Structures are given as C-alpha cells and as structure tokens.
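Student: Letter by letter, the sequence shown follows residues 815 to 1234 of my numbering.
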Amino acid sequence: MRLFQKVWIVITCILALLLQTTSFFKEKLNSVIYERELYTNYLSIIKDTKQFHYDPELKFRAKPATNSYSQKLLLDANRDVITPGKENATIVMLVRNWELDQALQSMRSLEDRFNKKYRYPWTFLNDVPFDEEFIEATTLMASGTTEYGLIPSEDWDRPSWINETEFEQSIKEMTENKVLYGDSKSYRNMCRFNSGFFFKQKLLQKYEWYFRVEPSVEYYCDFNYDPFEVMRLNKKKYGFIISIHEYEETIPTLYDTVMDFIEENPQYLHPNNSMDFITDMDSLSNMHIRLDLSNDYNLCHYWSNFEIGNMDFFRSEPYQKFFEYLDKKGGFYYERWGDAPVHTLGVTLLMDKSEIHYFEDIGYFHAPFGNCPSSNALRLTKRCVCDADAESTIDIEEHSCLPRWWKVGGKTFLKDKGVF
Ligand SMILES: Nc1nc2c(ncn2[C@@H]2O[C@H](COP(=O)(O)OP(=O)(O)OP(=O)(O)O)[C@@H](O)[C@H]2O)c(=O)[nH]1
Ligand SMILES: *[C@@H]1O[C@H](CO)[C@@H](O)[C@H](O)[C@H]1NC(C)=O
Ligand SMILES: *[C@@H]1O[C@H](CO)[C@@H](O)[C@H](O)[C@H]1NC(C)=O
Ligand SMILES: *[C@@H]1O[C@H](CO)[C@@H](O)[C@H](O)[C@H]1NC(C)=O
Ligand SMILES: [Mg+2]
C-alpha cells in the first residue's frame, strides 16, 4: 500500500470517529434539554395545582398513616386461596329496595376485594319487606349465604312519647336553615335505629361481629387478611377508617346530654377512655378553620358508613344505658343526632382506647371522602386502584380528625407489629 493510501485511511477513520462523537453529544445534549423542559413544565403544573405556602403550623401536622411502611414489595402468595372465614361475624347492610343497583355495586366491590375468599354471610335489613328482585339479585351477588330482616316498627318508627308539635317545629327550622337531611323524617328514624337497634335485630343476635356496608361504596384495595380475625386476636372492638368533623347544627345539645349522663353514671366512664380525641382543640394541620364551638366537643366523629365492630359492646349495659338516656331526651327527633357521633361518643367514653382500631390500610370510598393508603408499596401489593393525592383522600385534608386520633391512640400500626 502506498503511503498516501495509509494516510487517507487514517484520516477517514479519525473523521468518522469525530462525526460519531459529535452526533452522540448532540443527541445527549438534546435529550438533556428535553428533560429539563419536561421538568420545568412539570414544576409549573405542580405550582398551579398545589399551592405550597410555608405555614409554620404545618410542622405539627401528623404524617399520613402508611408512611411507616417499608418500601419492600411483598407478594401475597395466598392472594387467591379461599379460606372460609371462621369468625362469628356477618356483613350487614341497611338498605331500601330502590337502592338495589347501589347495593350490588358495594357488594361486588367487597366480594372481589375481601369476601369471596372468606364467604361471610350477608344480613340485609329494611323497614319494609325486601322485594323479590332485591332478594334474587343480592343472593346471586353474595359468595356466602344471605338473610333478609324486617325491622319491627318499635325499633324504627318515631316513639309515641315524641312531642309532635316540637318535632314538626324542628323539621321546619332545620329545613329553613338548610341543614343536611334536616327536612327528612325517615333519616331521623335511620339514625336512631343505627344508634340503638341494629345489633338487637333477630337476625344479628347470633353474631358477635359486624361489618357495616352502605350502598354505593367502594373498596379500593385487596384486604389480604380477615379483619374480624385481626380484631379478635388483637383485642379490638371498634374499627374505623375515616374520621371528620360533624355539622354542629345537627347535634346542638348532644354533647351536653352525654356529659349529663356521665355525671349521673360515673361508673360507666371507662378509666382508659379516649376523651381527649373529642375534646382536643389544637390546630393540628394547616387548618385555617378555627374551631368556634359552644362546648368542649370538637365535633370529631368516626364516619359510621364503614364500621367493623363487636356488637357485644353495643349490647353491654354501659352502652345500653347510654343509648336509653339519649333516646329519652328526644334529640334524634328534636334535633337530628346522627348515629356516627352517637357511636363515637359511646365508644370514646365507654370503651378502652386500646380497643379502638384505625384500619389505615383499607382503601375505601363513600362520597365525598375516601381513604387511599399513602404507601406506594402497599398500593401495589394490595392492587389498589386509587389516588393517594386525590382531593377526596380525606386524611391529607384539613377536616380530617385522624391527627387527633393519633395523638390519643398513638401512631402505631398492627402491620409494624408483624400482625399482617
Ligand atoms: N331501609 C331503609 N334504609 C335506609 C333508610 N334511610 C337510609 N337508609 C340506609 O341507611 C344508610 C345511611 O343512609 P344514607 O342515605 O346513605 O345516609 P348518609 O350516608 O348519611 O348520606 P349519603 O350516603 O350521602 O346519602 C344507607 O345504608 C341507606 O341505604 C330508610 O328509610 N329505610
Ligand atoms: C308539646 O309541646 C308543646 C310546646 O312545647 C306544648 O305546648 C304541649 O303541651 C306538648 N304536648 C304534649 C302532649 O305534651
Ligand atoms: C356468636 O356470638 C353471639 C353473640 O355474642 C353468641 O350469642 C353466640 O353464641 C356466638 N356463636 C358462636 C358459635 O360462638
Ligand atoms: C390504655 O390505652 C393505651 C392506648 O391504647 C394503652 O397503651 C394502655 O395500655 C391502656 N392502659 C391500660 C391501663 O389498659
Ligand atoms: Mg351513605
């Protein structure tokens, strides 16, 4: 080969190499610029949707519940194995015939996420007889057995000793003041029934545990365990997911009435009660709402559309006396006392606080609020379909009472103790 040929080959090689590297760097540079653009764009979107202002009070806000989970992904090898539940328990739904579609939606969700593996029986309750269509469809939707109960009139209807004049007056005033369900007579029956009578129904007497379900709710994640069993083994008696502030205009005298009851019956107040949960007035979050209340009740209550609990607590003497006292005062009709604050006050004052359980890992939605576990690992392994940052995710919102619960009940999770 001649010299100039060798030189030509070397020069060509160097040129090719140079061209190669410049195009490589150019590409690299372009992609960096592109990523930066994306990031700037992303930041500007975030800035528009989330207004992060520095707020000194934010420092004291408790972290979302599931932060304590490790990020390790644990695949549940048994996730499709059927192990029929052995607990003395039923799933209970109070529902009207015309709510069939909504009832089926809730059933489908709970069956898929939990009950198809355990086949706990369903108990349906109604103040009028269930129709054939309702019975047929719900029977087919359930993985286990179903039973249908008719609520006796004395457990549902307005008692004769309620003064009609005062009752009509309350309906009128609450309707004028646009209080939620203030105009509804049946809603008042429902609240009184759920406060003092559901656990006395004939069909429920044979059970110790209940899981309350309402129409149109959704369970976002797999359960991965039997909550009845977890509660029994861990000596829990009342389990909740969502807790928020109640509308004060529905319960103006409830708290004072409860305090009168405790004053007259101090023996029923549990020595290890969780009174602080309902009286703590601290501003825990970036709460711009200042609590301005007429008594010591901060209006916190466990939302009762989801409950897993022990009915023997409600059947016990302390709760029975507590309910009878409230019932005689007539506030279910002269005001519009809800079963959620009534259950909450009962549980708070008459139960050991170590028996109350926050189900932080159950994804749940009842309009307009829900709970979506904040741990990404948990959402993946439990096959959750929900958005932990959605506005409906209550426990990152300021009207949640969860931080108050953590202050009182302690921020410990069964998961951390290796329970499930
Ligand atoms: N059988 C029967 N069930 C009722 C009646 N009123 C309410 N319920 C049920 O009681 C539960 C609570 O009633 P909801 O209407 O859901 O009341 P809420 O949860 O406070 O409010 P929304 O869900 O927002 O309407 C649900 O399971 C209803 O199906 C009634 O008059 N008869
Ligand atoms: C009902 O209440 C009204 C107004 O408080 C009172 O005038 C009336 O006597 C009461 N009726 C009964 C039967 O007690
Ligand atoms: C289930 O619980 C109820 C209520 O506590 C009780 O009466 C019943 O005997 C229990 N059944 C079984 C099989 O333990
Ligand atoms: C009271 O409840 C707390 C919180 O759950 C618990 O740690 C404690 O052991 C209970 N105290 C008594 C005396 O049972
Ligand atoms: Mg509801």
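Ideal Cβ placement from N, Cα and C applies to all residues, glycine included.
In this text the structure is predicted, and so the values were computed from the model without any measurement.
Go ahead and pull the three-state DSSP assignment for Asn1185.
Tutor: Residue state, collapsed to three classes: strand.
Student: Is it the case that the CB of Phe1022 approaches a heavy atom of ligand 3 more closely than 7 Å?
Tutor: It should be noted that the sequence gives Glu, not Phe, for residue 1022. Yes, Cβ of Glu1022 sits closer than 7 Å to a heavy atom of ligand 3.
Student: Suppose contacts are defined by Cβ-Cβ distances below 8 Å. Is Tyr1178 in contact with Arg972 by that definition?
Tutor: No. Outside cutoff.
Student: Near Leu1228, what residues of its chain come up, given a Cβ to Cβ distance below 8 Å and the 5 sequence neighbours on each side ignored?
Tutor: Here the set comprises Val1044, Asn1048, His1171, Phe1234.
Student: Hey, is the region 896–908 in contact with the region 1019–1033, meaning 3+ C-beta pairs nearer than 8 Å?
Tutor: A contact exists between the region 896–908 and the region 1019–1033.
Student: What do you get for Trp975, buried or exposed, if any count of 16 or more other CB atoms within 10 angstroms of its CB means buried?
Tutor: Exposed: under 16 other Cβ atoms inside 10 Å.
Student: For Ala917, which residues of its own chain have a beta-carbon under 7 Å away from its beta-carbon, when the five flanking residues on both sides are left out?
Tutor: The answer, listed in chain order, is Met907, Val909, Thr952, Pro1029.
Student: Can you tell me the Cα-Cα spacing of Ser1214 and Ser1088, whole angstroms?
Tutor: In a straight line, the C-alpha of Ser1214 is about 17 Å away from that of Ser1088.
Student: Using a Cβ-Cβ cutoff of less than 8 Å, which residues in the same chain neighbour Cys1005 once the five nearest sequence positions on both sides are dropped?
Tutor: Closer than 8 Å at the Cβ level, and outside the excluded window around Cys1005, lie Phe1146, Arg1150, Trp1151, Gly1152, Asp1153, Val1156.
Student: Give the list of continuous alpha helix (DSSP H) stretches no shorter than 4 residues that lie fully inside the region 1021–1047.
Tutor: Taking only runs of at least 4 residues, the alpha helix (DSSP H) segments lying wholly in the region 1021–1047 are 1041–1047.
Student: On the DSSP letters alone, give me the boundaries of the beta strand (DSSP E) that Gly963 sits inside.
Tutor: Gly963 -> beta strand (DSSP E) spans 960–964.
Student: For Ser1000, count neighbouring Cβ atoms within 10 angstroms of its own Cβ and tell me buried if that reaches 16, exposed if not.
Tutor: So Ser1000 counts as exposed.
Student: Taking DSSP as the reference, what is the three-state secondary structure of Gly996?
Tutor: Correct three-state label for Gly996: coil.
Student: Grab the span of the alpha helix (DSSP H) containing Trp1258 for me, first residue to last.
Tutor: Outside the shown range of the chain, which is 815 to 1234, sits residue 1258, and nothing can be said about it.
Student: In three-state terms, what does DSSP make of Val895?
Tutor: Of the three classes helix, strand and coil, the one that applies to Val895 here is coil, per DSSP.
Student: Measure the CB-CB distance between Gly899 and Asp1126 and report whether it falls below 8 Å.
Tutor: No, Cβ-Cβ distance for Gly899 and Asp1126 is not below 8 Å.
Student: Taking the alpha carbon of Phe1012 as the reference point, which residue from Pro966, Ser1057, Asp1036 has its own alpha carbon closest?
Tutor: The shortest C-alpha separation from Phe1012 is found at Pro966.
Student: As an exercise, report each continuous beta strand (DSSP E) stretch of at least 3 residues that is fully enclosed by the region 1143–1202, in chain order.
Tutor: List check, beta strand (DSSP E) in window: 1170–1172, 1178–1180, 1183–1185.
Student: Verify the CB distance criterion: does Met1095 have a CB-CB separation below 8 Å to chain B?
Tutor: The structure shown contains no chain B, having only a single protein chain.
Student: What residues does ligand 5 have around it, judged by CB closer than 6 Å to any heavy atom, in chain order?
Tutor: Those satisfying the condition are, in chain order, Glu1028, Asn1119, His1180.
Student: Following the continuous beta strand (DSSP E) through Ile976, name the residue where it begins and the one where it ends.
Tutor: It is not in any beta strand (DSSP E) - Ile976 carries neither H nor E in the DSSP assignment.
Student: Looking only at its chain, what residues have a beta carbon closer than 6 Å to the beta carbon of Phe1183, apart from the 5 residues adjacent to it on each side?
Tutor: Excluding positions up to five away in sequence, the list reads Ile1056, Ser1206, Ile1208.
Student: So which of Glu946, Phe944, Ala891, Thr989 has the shortest CA-CA distance to Lys1196?
Tutor: Measuring from the Cα of Lys1196, the nearest candidate turns out to be Ala891.
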